[in-house]
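Report on the following structure.
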Amino acid sequence: MVALDLSDMDRTLVQYAFFLAETIDLKHLDFVTVDEQMDESDQQILAELNLQVSPEVNFKDWVDELTKEHAKPDHVDVGCHLLTGSPLHELLRYARDESVDMILVGAKQHQDGTGILSSRLVRKAPCSVMYVPENPPTAIKRILIPTDYSEYSRMAFDEVKLFKDDFPDVEVVAQHVYRVPLGFYKTGKSYEEFAQIMEENSKKLFDQFVEENDLADMDLKPQFVLDDDKNPADKIVAQAEAEKVDLMIISAKGHTRASSILLGSTTEKVLRLDKRIPVMILKKKGETLNLLDILLKI
Numbered sequence: 297m298v299a300l301d302l303s304d305m306d307r308t309l310v311q312y313a314f315f316l317a318e319t320i321d322l323k324h325l326d327f328v329t330v331d332e333q334m335d336e337s338d339q340q341i342l343a344e345l346n347l348q349v350s351p352e353v354n355f356k357d358w359v360d361e362l363t364k365e366h367a368k369p370d371h372v373d374v375g376c377h378l379l380t381g382s383p384l385h386e387l388l389r390y391a392r393d394e395s396v397d398m399i400l401v402g403a404k405q406h407q408d409g410t411g412i413l414s415s416r417l418v419r420k421a422p423c424s425v426m427y428v429p430e431n432p433p434t435a436i437k438r439i440l441i442p443t444d445y446s447e448y449s450r451m452a453f454d455e456v457k458l459f460k461d462d463f464p465d466v467e468v469v470a471q472h473v474y475r476v477p478l479g480f481y482k483t484g485k486s487y488e489e490f491a492q493i494m495e496e497n498s499k500k501l502f503d504q505f506v507e508e509n510d511l512a513d514m515d516l517k518p519q520f521v522l523d524d525d526k527n528p529a530d531k532i533v534a535q536a537e538a539e540k541v542d543l544m545i546i547s548a549k550g551h552t553r554a555s556s557i558l559l560g561s562t563t564e565k566v567l568r569l570d571k572r573i574p575v576m577i578l579k580k581k582g583e584t585l586n587l588l589d590i591l592l593k594i
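Just so you know, we're using my numbering here: the sequence shown kicks off at 297 and counts up by one.
Structure (structure tokens):
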């Protein structure tokens with residue numbers, strides 16, 4: 297599902313959607329927008345001007361224009377859907393009811409719009425989300441996966457395994473951000489000495505994670521970074537920029553079925569700090585539908 301809002305950002309989203317369709321062999325794209333109901337004053341203005349409003353036709357024309365601009369891949373079926381009501385609720389309903397696998401949303405920085413809807417959709421979506429910046433890379437040659445060696449973290453590597461089957465030359469940077477525990481001084485060691493111990497432990501955990509999940513063939517490039525200010529998000533973004541990656545894949549933090557629908561604080565901060573790199577936020581599809589029903593007040 298590609299969430300459009302009839303702004304210039306739509307051109308970027310359609311172009312990137314078609315790029316993904318070619319790259320990871322997407323079969324179907326639904327272009328969706330929500331028409332908020334006009335209040336009485338807006339209706340009166342249009343009536344006085346004798347103007348007829350046909351949002352459905354206008355939206356289809358808009359999508360047709362964009363698909364012609366960016367050459368739709370032949371193997372992809374395209375749907376065009378206009379919803380009516382509250383944008384956040386209607387997009388969430390559509391994702392749930394149509395069993396959407398992934399949602400593409402725009403990450404606006406300079407274009408018109410606040411980006412609030414996109415950030416809320418990312419947080420509450422019942423499926424994975426691709427957060428697309430205004431000028432995304434046009435190729436995927438290097439991917440960064442921040443990892444904490446958890447089950448959710450493993451999801452990202454499973455995703456990239458499939459990707460590397462078709463693109464074996466893609467480099468994968470596996471980053472682990474570690475920290476020194478608050479009580480380190482009780483051991484009699486200095487901060488620097490304990491940081492070295494934590495780095496060595498991180499390397500052992502990485503080797504164990506690779507072995508347990510059969511990742512040796514992926515030829516991962518591990519990076520171990522000290523979180524010296526309790527803000528791992530800036531370390532993740534800085535690493536992504538230094539490595540010049542074309543995509544970040546982050547698993548939504550979720551230790552329970554309820555919490556997995558919402559993002560962890562680190563992931564949310566990454567989305568706020570990142571200005572250039574597309575971010576795929578992985579969620580277990582369908583795991584949070586009961587909570588989503590509650591959020592939608594059904």
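Virtual Cβ for every residue (Gly too), placed ideally from N, Cα, C.
Values in this document were obtained by computation on a predicted structure and should not be read as measured data.
What do you get for residue i, buried or exposed, if any count of 16 or more other CB atoms within 10 angstroms of its CB means buried?
i, result
"PRO464", "exposed"
"GLN504", "exposed"
"LYS571", "exposed"
"LEU516", "buried"
"ARG487", "It should be noted that the sequence gives Tyr, not Arg, for residue 487. TYR487 should be labelled exposed."
"ILE439", "buried"
"THR483", "exposed"
"LEU567", "buried"
"ASP360", "exposed"
Can you tell which of the options has the C-alpha that lies nearest to the C-alpha of residue i?
i, options, result
"LYS323", "GLU361, HIS371 and MET305", "HIS371"
"ASP393", "LEU379, ARG450 and ALA403", "LEU379"
"LYS531", "GLU386, HIS472, PHE480 and MET426", "HIS472"
"GLU386", "GLU365, LYS368 and PRO422", "PRO422"
"GLU564", "LEU384, ALA313 and ALA403", "ALA403"
"MET514", "LYS457, LEU413 and VAL521", "LYS457"
"TYR448", "PRO369, ASN509 and ASP331", "ASN509"
"GLU467", "ASP357, GLN519 and SER382", "GLN519"
"VAL310", "LEU362, GLY375 and VAL566", "LEU362"
Only counting the same chain, and skipping five residues up and downstream in sequence, which positions put a Cβ closer than 8 angstroms to that of residue i?
i, result
"GLN407", "Note that GLN407 scores a pLDDT of 49, beneath 50, so its modelled location is shaky and nothing firm can be said."
"LEU501", "TYR445 and HIS472"
List the residues that DSSP assigns as beta-bridge partners of residue i.
i, result
"ILE546", "ILE577"
"CYS423", "Beta-bridge pairing links CYS423 to no other residue."
"PRO518", "ALA470"
"VAL298", "PHE327 and LEU400"
"GLY375", "ASP326"
Who are the Cβ neighbours of residue i in its own chain at under 7 angstroms, not counting the five residues just before and after it?
i, result
"THR319", "ILE436"
"PHE315", "THR434"
"ARG450", "ASN509"
"SER547", "TYR448, SER449, MET451, ALA452 and LEU578"
"TRP358", "LEU302"
"VAL533", "VAL566, LEU569 and ASP570"
In chain order, what residues of the same chain lie with their CB nearer than 6 angstroms to the CB of residue i, ignoring the 5 residues before and after it?
i, result
"ARG475", "ASP523"
"TYR312", "VAL428 and PRO432"
"MET576", "MET426 and ILE545"
"ASP454", "none"
To test your reading of the DSSP string, which unbroken alpha helix (DSSP H) runs of 4 or more residues are found completely within the stretch 443 to 510? Within the stretch 443 to 510, the complete alpha helix (DSSP H) runs of at least 4 residues fall at 447 to 462 and 487 to 508.
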